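Novice: Let me begin by handing over the structure; questions about it come next.
Residue numbers (my numbering), protein chains in the order written: chain Y, 20 to 242; chain X, 3 to 472; chain H, 464 to 511.
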């Protein structure tokens with residue numbers, strides 16, 4: 020755990036993992052990135068808009084027999100909506116994303132681009148377009164492209180593996196399967212990342228420290 | 003915009019953070035068209051909200067609410083008002099949106115969007131005949147032989163190639179809904195459940211709906227739910243199916259019992275066997291045969307008369323069994339006859355030479371069988387043997403038994419009658435239910451369809467028997 | 464067990480009971496003959 024002072028406002032900020040070099044200062048929204056010997060300020064993150072997500076920073080849970088804590092969030096938007104991607108840090112130091120849209124949750128982990136052999140995926144990595152409905156093979160399972168669009172980073176908080184300034188645009192492709200498995204590919208100026216996982220329910224994550232909301236009782240599955 | 007009441011920003015810690023004070027759950031907004039105060043109940047998810055005062059459509063995907071379409075219309079009053087809460091299947095839900103959709107203007111139905119931040123979205127849907135509780139799936143069904151299968155359950159096609167259009171919209175939704183938008187629909191059913199597929203150019207979604215008991219819906223939202231829908235809803239289970247299965251089991255056991263009893267007690271014991279000489283002169287004579295001793299407390303006594311090979315003659319027999327001790331009489335009658343000849347169609351024959359009369363409820367005792375009989379020749383103008391002298395023997399045998407085969411038949415019929423009734427009602431129900439279907443009657447209802455005017459793709463046996471009239 | 468199924472079970476019992484009773488007494492509604500003074504049993508044609 021690295022604790023430093025924010026170069027902009029002086030508040031104490033901490034970095035929990037060298038794999039997550041970026042974080043948004045909780046007080047002044049400056050994006051801080053650790054590199055080499057020091058901490059650099061790299062622009063500002065926008066303030067998060069109001070939402071009624073049950074997930075919040077500090078929420079704990081379990082997935083695949085490993086416990087995690089929510090330590091970061093990026094909010095993405097496109098012309099017809101927006102959603103949250105929460106960063107989960109597991110007790111073994113690994114990280115995963117919990118995507119939240121339309122009340123449905125997807126838990127995905129980053130996967131090396133080099134491993135992926137499907138030709139449609141290679142085309143996407145090369146910068147080409149692939150139509151919605153195209154089938155891809157992933158580890159012997161069939162997935163189809165469910166949407167492909169430009170998305171913009173709207174806001175961010177907490178610790179992140181990359182710096183997420185407001186206005187940052189990325190081309191994002193989502194994949195779905197019949198079994199609940201899902202994946203997504205994000206491409207921007209030459210670099211592509213791929214995330215693979217499945218739909219989960221909050222119930223199965225046995226969450227503790229969920230956000231309490233006025234007028235709503237915490238659910239039975241909350242720990 | 004209401005400020006979010008988040009936890010106090012503080013130093014990050016790895017230990018569990020203390021629970022935050024409850025955050026606000028709605029976002030207040032002023033309608034850009036009419037200025038009315040609106041509340042966004044699913045902020046962060048909601049993309050479009052329709053002003054509940056003036057029906058204007060507002061885009062809330064971005065922090066600044068943007069007016070999409072301005073309307074100045076009175077808003078429809080809803081059966082379940084927006085903002086109402088109800089508990090269904092153990093979870094509290096808030097009504098946040100309302101849609102009225104139809105198949106190009108006909109067969110309309112209503113959908114209410116329900117929300118709970120910890121459980122996501124659900125739908126309650128009604129077509130005026132009943133309510134269903136729907137959930138959008140995160141997985142697609144597999145394809146089985148007759149239709150889709152989900153979690154090991156198969157669904158049968160009901161509506162295909164439908165086109166659902168939005169006719170009216172109120173409240174908030176997680177997509178850019180607008181009046182007139184269309185999706186291609188297909189619906190598949192199994193008793194109590196409907197699996198629906200909706201597709202437009204950019205996406206496909208599947209929703210699984212459970213048929214709700216009217217009491218459930220009434221208890222949740224305080225409305226009056228329709229009951230006894232007719233025709234039945236597409237996924238309404240036949241109320242006759244389960245009782246039919248259970249009753250059929252009972253009926254089968256009872257029938258088996260009867261048959262076993264019939265075999266066990268179906269035997270008969272021969273008590274008397276002798277010949278009765280008969281002269282075919284038309285004269286009535288009386289002969290007393292016996293003694294005949296019957297042993298069981300009660301029994302059926304069968305009196306059999308076998309008239310050998312008489313032809314074109316008959317023997318009339320009046321039987322009276324007389325109990326020697328009590329002089330009680332038991333009467334019966336027998337007719338042994340046989341006729342034959344030849345005409346333009348060829349040779350013919352008729353009649354029964356061997357006939358048995360069964361006397362019921364004969365108590366134990368020793369009896370005499372008094373037979374009053376006459377032998378007669380059948381005379382017609384072309385066949386006349388004249389009178390006199392022709393004689394023969396009629397063999398009379400008397401046995402005691404218990405089981406009347408007719409009783410077995412009657413009992414089985416009585417047993418099966420209610421089952422048949424239930425079965426016919428079940429067929430009637432299923433035919434009515436499938437009446438609206440795009441695939442026509444299938445399964446049992448299809449087998450009993452006859453030459454109805456619905457699309458026929460089931461096993462319609464009438465095809466085998468119809469002549470060339472369609 | 465539903466009410467309808469229960470009633471059918473009762474009915475099956477009644478039918479089985481009636482059959483057993485009829486078997487014990489050697490009775491049938493379609494018997495050809497019976498006690499002379501009883502009106503119930505059919506006699507059959509008695510043309511002379």
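Every residue gets a Cβ at the ideal spot worked out from N, C-alpha and C, and that includes glycine. Quick caveat, the model's predicted, so the values are computed rather than measured.
Please list, in chain order, the chain H residues whose beta carbon lies closer than 9 angstroms to that of residue 289/X.
Specialist: Within chain H, no residue comes near residue 289/X; the closest Cβ sits about 17 angstroms away, beyond 9 angstroms.
Novice: Would you check if the distance between the CB atom of residue 435/X and the CB atom of residue 236/X is smaller than 8 angstroms?
Specialist: Contact flag set, yes.
Novice: Which residue from 79/X, 326/X, 320/X, 62/X puts its Cα closest to that of residue 288/X?
Specialist: Nearest option by C-alpha distance: 320/X.
Novice: What is the rounded straight-line gap between the Cα of residue 2/X and the Cα of residue 275/X?
Specialist: Outside the modelled stretch of chain X, which goes from 3 to 472, sits residue 2/X, for which no answer is possible.
Novice: CA-CA distance, residue 130/Y and residue 138/Y?
Specialist: Rounded to the nearest angstrom, the two C-alpha atoms are 17 angstroms apart.
Novice: With H, G and I counted as helix, E and B as strand and the rest as coil, what does DSSP make of residue 158/X?
Specialist: It is a strand residue.
Novice: Would residue 489/H and residue 329/X be called neighbours here (beta carbons separated by less than 8 angstroms)?
Specialist: The answer is no: Cβ separation not under 8 angstroms.
Novice: So, helix, strand or coil for residue 431/X, using DSSP?
Specialist: Here residue 431/X sits in helix by DSSP.
Novice: Under the rule that 16 or more other beta-carbon atoms within 10 Å means buried, what is residue 479/H, buried or exposed?
Specialist: It is buried - the Cβ of residue 479/H has at least 16 other Cβ atoms within 10 Å.
Novice: Any beta carbon of chain X sitting closer than 8 angstroms to that of residue 484/H?
Specialist: Not an interface residue.
Novice: So with CB distances below 8 angstroms, who are the chain Y contacts of residue 122/X?
Specialist: The answer, in chain order, is 121, 122, 123.
Novice: Starting from residue 22/Y, follow its DSSP beta bridges and name the residues at the other end.
Specialist: DSSP, once it has assigned bridges, lists 33/Y as partnering residue 22/Y.
Novice: Determine, using beta-carbon pairs with one atom in the segment 358-377 of chain X and one in the segment 334-343 of chain X, whether at least three such pairs fall under 8 angstroms.
Specialist: These segments touch.
Novice: Just confirm the distance between the C-beta atoms of residue 78/X and residue 172/X, as a whole number of angstroms; I'd bet it's less than 8 angstroms.
Specialist: Indeed they touch by this definition, with Cβ atoms about 7 angstroms apart.
Novice: Would residue 205/X pass as an interface residue toward chain Y - the criterion being a Cβ-Cβ separation below 8 angstroms?
Specialist: Yes, its Cβ sits closer than 8 angstroms to a Cβ of chain Y.
Novice: Going by DSSP in three states, residue 141/Y sits in which element: helix, strand or coil?
Specialist: Note: residue 141/Y maps to helix in three-state DSSP.
Novice: How long is the line joining the alpha carbons of residue 4/X and residue 103/Y, rounded to whole angstroms?
Specialist: With a pLDDT of only 40 at residue 4/X, under 50, the local geometry of the prediction cannot be trusted, and the value read off the model is given with reservation. Rounded to the nearest angstrom, the two C-alpha atoms are 20 angstroms apart.
Novice: Could one say the Cβ of residue 183/X lies closer than 8 angstroms to chain Y's Cβ atoms, at least one of them?
Specialist: No - not a single Cβ of chain Y is within 8 angstroms of the one on residue 183/X.
Novice: Per DSSP, which residues does residue 402/X bridge with? Please list them.
Specialist: Answer is 271/X, 303/X, bridged to residue 402/X.
Novice: Only counting the same chain, and skipping five residues up and downstream in sequence, which positions put a Cβ closer than 6 angstroms to that of residue 48/Y?
Specialist: Cβ neighbours of residue 48/Y beyond the five flanking positions: 63, 64.
Novice: According to a CB-to-CB cut-off of less than 8 angstroms, which residues of the segment 156-172 of chain Y neighbour chain X?
Specialist: So the close ones are 165, 166.
Novice: Can you tell me whether residue 478/H is helix, strand or coil according to DSSP?
Specialist: Note: residue 478/H maps to helix in three-state DSSP.
Novice: Touch check for the segment 406-425 of chain X and the segment 256-268 of chain X: three-plus C-beta pairs under 8 angstroms?
Specialist: Yes, they touch.
Novice: How is the beta strand (DSSP E) around residue 214/X delimited, first residue to last?
Specialist: Element bounds for residue 214/X: n/a, residue is neither H nor E.
Novice: Counting only Cβ pairs nearer than 8 angstroms, list the residues of chain X close to residue 62/Y.
Specialist: Result: empty, since nearest Cβ-Cβ is about 19 angstroms, beyond 8 angstroms.
Novice: Answer with buried or exposed for residue 294/X, where buried requires no fewer than 16 other C-beta atoms within 10 angstroms of its C-beta.
Specialist: Buried: at least 16 other Cβ atoms inside 10 Å.
Novice: Anyone know if the C-beta pair for residue 116/X and residue 125/X falls short of 8 angstroms?
Specialist: Going by C-beta atoms, residue 116/X is nearer than 8 angstroms to residue 125/X.
Novice: Keeping to the same chain, check which residues put their C-beta closer than 7 angstroms to that of residue 362/X; ignore five residues upstream and five downstream.
Specialist: Excluding residues within five positions, the ones whose Cβ falls inside 7 angstroms are 302.
Novice: Below 8 angstroms on the Cβ atoms is my guess for residue 189/Y versus residue 170/Y; work out the distance and round it to an integer in Å.
Specialist: With a Cβ gap of about 6 angstroms, residue 189/Y and residue 170/Y count as contacting.
Novice: Using DSSP's beta-bridge definition, name the partner residues of residue 63/Y.
Specialist: Bridge partners of residue 63/Y: 49/Y.
Novice: Note down, in chain order, every chain X residue with its Cβ under 9 angstroms from the Cβ of residue 214/Y.
Specialist: Residues of chain X passing the Cβ test: none, with the nearest at roughly 16 angstroms.
Novice: Take the Cβ of residue 207/Y as the centre, count every other Cβ of all protein chains shown within 10 Å, and call the residue buried at 16 or more, exposed below.
Specialist: So residue 207/Y counts as exposed.
Novice: Assuming contact is defined by CB atoms lying nearer than 8 angstroms, are residue 166/X and residue 74/X in contact in what I supplied?
Specialist: No.
Novice: Measure how close the beta-carbons of residue 50/X and residue 174/X come, nearest whole angstrom, since I'm counting them as under 8 angstroms.
Specialist: 7 angstroms between Cβ atoms; contact.
Novice: Is the segment 52-64 of chain X close to the segment 31-43 of chain X, with three or more CB pairs under 8 angstroms?
Specialist: Yes: the two stretches touch, three or more of their Cβ pairs being nearer than 8 angstroms.
Novice: Please classify residue 388/X: is it buried, with 16 or more other beta-carbons within 10 angstroms of its beta-carbon, or exposed?
Specialist: At residue 388/X the pLDDT is 48, less than 50, meaning the model places this residue with poor confidence; the figure from the coordinates comes in the next sentence. Exposed, by the Cβ-count rule.
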